[in-house]
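*Asks:* Sequence lines, in order, name chains D and Z. Heads up: the first sequence runs through residues 90 to 361, numbered per this note's numbering. Heads up: the second sequence runs through residues 90 to 361, numbered per this note's numbering. Beta carbons: idealized from backbone N, C-alpha and C, even for Gly.
There are 2 protein chains.
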Amino acid sequence: MNNFEWGPTLRVGPAKAHKTLTEETLARLRRDIVSGAFEAGQKVKSEDLKKRYQVGTSPIREALFQLVSEGLVRSDGQRGFRVAELRQEELLDITDWRARLECEALRRAIATGDMEWEARAVAAFHRLKRVEGQSGLDPTEAADLWEDHHRAFHFALYSACGSPWLLRFCELLIQHGERYRRAYITYPRISSSIAAEHQAIMDAAMARDAEKAADLLETHIRHAADLALAHATGRPGPGASPAKARRASGPKSEREPTQEAARKPRTRQRNA
Amino acid sequence: MNNFEWGPTLRVGPAKAHKTLTEETLARLRRDIVSGAFEAGQKVKSEDLKKRYQVGTSPIREALFQLVSEGLVRSDGQRGFRVAELRQEELLDITDWRARLECEALRRAIATGDMEWEARAVAAFHRLKRVEGQSGLDPTEAADLWEDHHRAFHFALYSACGSPWLLRFCELLIQHGERYRRAYITYPRISSSIAAEHQAIMDAAMARDAEKAADLLETHIRHAADLALAHATGRPGPGASPAKARRASGPKSEREPTQEAARKPRTRQRNA
DNA sequence: TTCCGACGGAATTTCGAAAATTTGACACTC
DNA sequence: GAGTGTCAAATTTTCGAAATTCCGTCGGAA
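1) Tell whether a beta-carbon distance below 8 Å holds between VAL157/D and SER164/D.
2) Quick check on the DSSP output: the beta strand (DSSP E) that includes ARG197/D runs from which residue to which?
3) Buried or exposed: which applies to LEU181/D, given that a residue is buried once 16 or more other Cβ atoms fall within 10 Å of its Cβ?
4) Flag PHE154/D as yes if its beta-carbon sits less than 8 Å from any beta-carbon of chain Z, otherwise no.
5) Would you list the residues sitting across from VAL172/D in a DSSP beta bridge?
6) For THR146/Z, I'd like the list of residues in its chain whose CB is within less than 8 Å of its CB, leaving aside the five on either flank, ordered along the chain.
7) Just to confirm, are ALA241/Z and ILE274/Z a CB contact at a threshold of 8 Å?
8) Does any residue of chain Z bring its CB to less than 8 Å from the CB of GLU179/D?
9) Using a Cβ-Cβ distance under 8 Å, would THR109/Z count as near chain D?
10) Within 10 angstroms of the Cβ of SER248/Z, are there 16 or more other Cβ atoms? Answer buried if so, exposed if not.
11) Determine whether the beta carbon atoms of THR184/Z and ARG270/Z lie at a separation below 8 Å.
12) Please report the distance separating the alpha-carbon of ASN92/D from that of GLY251/D.
13) How about LEU190/Z and PHE258/Z: are their beta carbons less than 8 Å apart?
14) Within 10 angstroms of the Cβ of GLU260/Z, are there 16 or more other Cβ atoms? Answer buried if so, exposed if not.
15) At least one CB of chain Z closer than 8 Å to the CB of GLN167/D: is that the case?
16) State the Cα-Cα distance for the pair GLU112/D and ALA152/Z, rounded to the nearest angstrom.
17) Should HIS287/Z go down as buried or exposed, given a rule of 16 or more other Cβ atoms within 10 Å for buried?
18) Using the rule of at least 16 other Cβ atoms within 10 Å of the residue's Cβ for burial, across every protein chain shown, is GLU159/D buried or exposed?
19) In chain order, what residues of the same chain have a beta carbon less than 7 Å from the beta carbon of SER281/Z, not counting five sequence neighbours either side?
20) Starting from the beta carbon of VAL123/D, find every residue of chain Z whose beta carbon is closer than 7 Å, and list them in chain order.
21) Residues of chain D with CB closer than 9 Å to the CB of SER147/Z, please, in chain order.
22) For SER224/Z, count neighbouring Cβ atoms within 10 angstroms of its own Cβ and tell me buried if that reaches 16, exposed if not.
23) Where do the ends of the alpha helix (DSSP H) carrying GLY266/D lie?
24) If you follow the alpha helix (DSSP H) that LYS441/D is part of, which residue opens it and which one closes it?
25) Quick one: Cα of PHE154/Z to Cα of TRP254/D, how far?
26) According to DSSP, simplified to helix, strand and coil, what is GLU144/Z?
27) Leaving out the 5 sequence neighbours to the left and right, which residues in its chain are closer than 7 Å to ALA329/D when beta-carbon positions are compared?
28) Of the residues ARG297/D, THR201/D, ILE122/D and TRP206/D, which one's Cα is nearest the Cα of ARG268/D?
29) By the 7 Å beta-carbon criterion, what residues does the region 220-234 of chain Z contribute toward chain D?
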């Protein structure tokens, strides 16, 4: 039950062969949303995305719909799509569930994980450390790289939990947690204390001390959220332009419709 | 935080206006998969679906991708889609998490729910009872109707839990749980004991007895799963044609490729 | 002025056909 | 007979354009 696959979200390695354009676009779009390349609440026009990713209408829409289901994008009737908003309230919700579910996953993995699991964890941890030591990279690239391996490390720890659904929930929550973090905290900011936390979790896990590992993990998760929250409150506020919106597409006219345009019902032909 | 929306999955009422064809197709396809109109593991050809739902390529694919994310459909590289398999192992997993998460949701709702929540629950329960009393319907239709209202009743109970993510998780799990149930148990089988369980849960919830309600709910969930499991083990086994596969499309040739056809890598142009 | 409906540009949704890929079959060699 | 390469049909993926819908604006009536 280990080779559980849902999306290719958390795979760092060689990845599935026979990728379709849709899958590729999905991965890129998801990464761009999580990394903050698009602003929260921003309208995403398929025309822009087509230019940005150099693909046709179908892959774009197919990817968008999958992201809707993941909660990163919202679909507005026949009014297109927009990036999900960021609300502090939701960050609290996500953090609570991350603490509950990821700790549970870790406990189970420690209880039942075999040598292969240990090997995966050790390998992922090693990669993370190496990436942290790396210097001289473009900040954006460095952030992306670190986040990828950070995610992979956490996921490797849970990978032996034995419950596909738990793993899936963790996957979703981690993704969203990362988005909040990256929206509020500017890089580079891989503080050594975070690295130390990882080390401690890793040690406890390998020593098969489930309770200690879970405690450390919970602290780690809440710590990250607190940090984000602290930064958030000292800022314009959620939804109001966190991070820079890098790699944004050209200076298009954008025409954001008036925020809450009067929504009077009209006559309609179809779908009567 | 109550008006949380993800998919239109669990809405019974008036539903969002301005439906697009994709949304409609998504709802229909989801319902058909959950209800067992498609067999588990079956390949779904877009050509068939186009004929079945009378729409073009795009709505079909867009709906399919959303269902992939929900776990009801799996996407096979460039080899199309197939309905997710049913494995007893997974039913156990789903049941465990349903018990944990739905009970938690119910507890929270009881703790913080207001009058409006009570009203929603009472209304949903009333509808469920009325539907159960109804007679003289086509069995298929009756099953669909009952399931819709059963789902809505459970969801109404949780709707005041205050956590969007918890609600979303419950939504997904309920959906999958229903699929297993309907795959293994043939209708009509709305035993009076189930109705009694609902009544008891409802009473405890309205009396704000969180612990009792949660206990009853857990029993209810496990009871349903046990029933399904009992039927499953006395059958060909999961994945091997449970339920009837009603409303199946025309007697097409179906051409199921040999289960594990030798998968030798070929030369490829794109995505090199 | 304010409300209402129609008009037209912009964006989204949907379709159908072209391009690419998979799959099974057939012939050929070893 | 087993293994291998080629070919054509079936299927999926992708594109681009047509159809539909939305949204702001303008003009006219109360």
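*Replies:* Inspection of the coordinates gives the following:
1) yes
2) Looking at the DSSP string, ARG197/D is not in any beta strand (DSSP E); the run it does join, the alpha helix (DSSP H), is 177-201.
3) exposed
4) yes
5) VAL162/D
6) These residues qualify, in order along the chain: SER135 and LYS139.
7) no
8) yes
9) yes
10) buried
11) no
12) At ASN92/D the pLDDT is 36, less than 50, meaning the model places this residue with poor confidence; the figure from the coordinates comes in the next sentence. Pairing ASN92/D with GLY251/D, the inter-Cα distance amounts to about 10 Å.
13) Yes. Within cutoff.
14) Buried, by the Cβ-count rule.
15) yes
16) CA-to-CA, the gap between GLU112/D and ALA152/Z works out to about 15 Å.
17) HIS287/Z comes out buried.
18) buried
19) none
20) In chain order: nothing, as chain Z lies at least about 15 Å away.
21) THR146, SER147, ARG150 and GLU151, listed in chain order.
22) exposed
23) 253-273
24) Shown here, chain D extends from 90 to 361; a query on residue 441/D therefore has no answer.
25) 19 Å
26) The sequence shown places Val at residue 144/Z, not Glu. VAL144/Z falls in the coil class under three-state DSSP.
27) For ALA329/D, the predicted structure reports a pLDDT of 38, less than 50, and the residue's modelled location is therefore unreliable. A value from the coordinates is still provided. Counting only Cβ-Cβ distances below 7 Å, and skipping sequence neighbours, we find nothing.
28) ILE122/D
29) none
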